[in-house]
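Okay, so here's the structure we're looking at.
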Amino acid sequence: MRQLVYGEELVEQDVADPDPGPGEVVVTVRRAAVNPLDVWISRGTVAAAGPLPRTGGSEGSGVTADGRRVVFRGAGLGVMRDGTYAERVAVPAAALADIPAGVSDAQAAGVGIAGVTAMDVLDLAGVAPGMTVLVLGASGGVGTYAVQMARALGARVVAQTSSAAHLDHLRALADDVVVSIGDDLEAGLRDAQVSSVDVVLDPLGGPFGEPAARALGRGGSLVVFGASAGPRFSVFSTDFYRKGARIVGYGGLGTNASELSAKSVRVLEMIAGGTLQPVVAAELPLEQVNEAHARIVERRAGGKLLLVPTAA
Ligand SMILES: NC(=O)c1ccc[n+]([C@@H]2O[C@H](COP(=O)([O-])OP(=O)(O)OC[C@H]3O[C@@H](n4cnc5c(N)ncnc54)[C@H](OP(=O)(O)O)[C@@H]3O)[C@@H](O)[C@H]2O)c1
0 MRQLVYGEEL VEQDVADPDP GPGEVVVTVR RAAVNPLDVW ISRGTVAAAG
50 PLPRTGGSEG SGVTADGRRV VFRGAGLGVM RDGTYAERVA VPAAALADIP
100 AGVSDAQAAG VGIAGVTAMD VLDLAGVAPG MTVLVLGASG GVGTYAVQMA
150 RALGARVVAQ TSSAAHLDHL RALADDVVVS IGDDLEAGLR DAQVSSVDVV
200 LDPLGGPFGE PAARALGRGG SLVVFGASAG PRFSVFSTDF YRKGARIVGY
250 GGLGTNASEL SAKSVRVLEM IAGGTLQPVV AAELPLEQVN EAHARIVERR
300 AGGKLLLVPT AA
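With numbering that gives the first Met the number 0 applied, the sequence shown covers 0 to 311.
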């Protein structure tokens, strides 16, 4: 079997087929989804205590020996144990979720991280019909799910991008699009005449945190779930306490494999039911994993990037 292991860059090597432990199932990978987490781990910016060398990739879709089409995420895949950047992977049975008929392997591959995160942060913010939701980093894996889910919940969605290349695509997904020139979110909101929002979903942090807090209206929520633009920001307390607003973090941690699988099923049902159309930006051969990671770092992805093993 061929797999990609962590080195200074990810390198390809031939290895023996995975040997499943008790309660584990070997899955033939059809699509491995690429997430910023995989990039940060391979570059050493997120510590992961798993053994090295180790196969990267923290989620994907595939098929079991008895023909089940499944998605898989969690249980340490790619972080604590060999992951999904491979032709086959051993997965704890609890981390498998069945793909419904009518949903393709490519549509399903990214639901476990991007899809579930989008659903969770909207839940955490208590998004309800009539609210205005500002989605930062809206062109990304999580953002493209969050924009569609928030609209399906009856919210008005304002999507933010800093890339001209992502504008047309976001205009088709969201009610309004805000363009931040550089990091100036405040100017972008002003130009788009967005004065106050009920919810901000923030995967960026850094220079976006302060104007995001300021944009909140009475009782609003700023949900921070990433730090793509920087791990630190400061806010004027008056920008949120006088409005009874709140800033809340989402780590995606502390959820066990079966709970994660149940959440993946909820997202897959939205796709099967037609409320959600996953945005697959590109499908690359597994061997091009370093190109896929570069596209995330250079903000050239524009949706979910998937890797396709040769045998798929
Ligand atoms: N807490 C959790 O459990 C959890 C789960 C999933 C993801 N995350 C985090 O959430 C973030 C987004 O994930 P994703 O999968 O959506 O990533 P992604 O596909 O790379 O998308 C992020 C988007 O944010 C924008 N962006 C990236 N870097 C930026 C920067 N330095 N300054 C301004 N804008 C920037 C880009 O949009 P434009 O170029 O269009 O502006 C990009 O399309 C990541 O930091 C990830 O680690 C956290």
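All C-beta atoms in this analysis are idealised placements derived from N, C-alpha and C, irrespective of residue type, glycine included. From a predicted model like this one, the values you see are computed outputs, not experimental measurements.
{"Check": "Local Cβ density within 10 Å of residue 130, reported as buried at 16 or more and exposed below that", "Outcome": "buried"}
{"Check": "Residue 266, DSSP secondary structure in three states", "Outcome": "helix"}
{"Check": "Cutoff 7 Å; reference residue 78; Cβ partners in own chain excluding five residues on either side", "Outcome": "40, 47, 49 and 57"}
{"Check": "Residue interval of the alpha helix (DSSP H) (run including residue 174)", "Outcome": "Per DSSP, residue 174 belongs to no alpha helix (DSSP H) and is neither H nor E."}
{"Check": "Under the three-state DSSP convention, the category residue 187 falls into", "Outcome": "helix"}
{"Check": "Outcome for residue 112 when other beta-carbon atoms lying within 10 angstroms are tallied against a minimum of 16", "Outcome": "buried"}
{"Check": "Coil, strand or helix - residue 316 by DSSP", "Outcome": "The structure shown does not extend to residue 316, since the chain is modelled only from 0 through 311, so no value can be given for it."}
{"Check": "Residue environment, residue 42, which counts as buried when at least 16 other CB atoms sit within 10 Å", "Outcome": "exposed"}
{"Check": "Coarse secondary structure for residue 208, derived from DSSP in three states", "Outcome": "helix"}
{"Check": "beta-carbon residue 298 near ligand 1 non-hydrogen atom, thresh 7 Å", "Outcome": "yes"}
{"Check": "Inside the region 47-120 only - alpha helix (DSSP H) runs reaching at least 4 residues", "Outcome": "104-107"}
{"Check": "C-alpha distance - residue 12 paired with residue 299, whole-angstrom precision", "Outcome": "27 Å"}
{"Check": "Residue 292 Cβ short of 7 Å to ligand 2 heavy atom set", "Outcome": "Annotation note on ligand 2: not contained in the displayed structure, which lists ligand 1 as its ligands."}
{"Check": "Beta-carbon gap between residue 156 and residue 171 smaller than 8 Å", "Outcome": "no"}
{"Check": "Other residues of its chain near residue 270: CB distance less than 6 Å, five sequence neighbours each side excluded", "Outcome": "102 and 106"}
{"Check": "CB contact flag (residue 198, residue 222, <8 Å)", "Outcome": "yes"}
{"Check": "Residue(s) in a DSSP beta bridge with residue 237", "Outcome": "Bridge partners of residue 237: none, in fact."}
{"Check": "Limits of the beta strand (DSSP E) - the one that residue 218 falls within", "Outcome": "215-223"}
{"Check": "Close Cβ partners of residue 141 (< 7 Å) along its chain, the five nearest in sequence each way excluded", "Outcome": "113, 116, 117 and 202"}
{"Check": "Burial state of residue 301 (16 or more Cβ within 10 Å)", "Outcome": "buried"}
{"Check": "Residues near residue 126 by beta carbon distance below 7 Å, same chain, minus five either side", "Outcome": "132, 149, 152, 154 and 198"}
{"Check": "Cα-Cα separation between residue 247 and residue 64, rounded to whole angstroms", "Outcome": "42 Å"}
{"Check": "Same chain, Cβ closer than 7 Å to residue 265, five either side skipped, listed in chain order", "Outcome": "118"}
{"Check": "Limits of the unbroken beta strand (DSSP E) element including residue 131", "Outcome": "131-134"}
{"Check": "heavy atom of ligand 1 below 7 Å from residue 312 C-beta", "Outcome": "Residue 312 is absent from the structure shown; the chain starts at 0 and stops at 311."}
{"Check": "C-alpha gap between residue 227 and residue 24, whole angstroms", "Outcome": "34 Å"}
{"Check": "Option nearest residue 216 by Cα separation, candidates 240, 231 and 232", "Outcome": "240"}
{"Check": "Distance CB(residue 86)-CB(residue 284) smaller than 8 Å", "Outcome": "no"}
{"Check": "Residue from 51, 22, 166 and 109 whose Cα sits closest to the Cα of residue 28", "Outcome": "109"}
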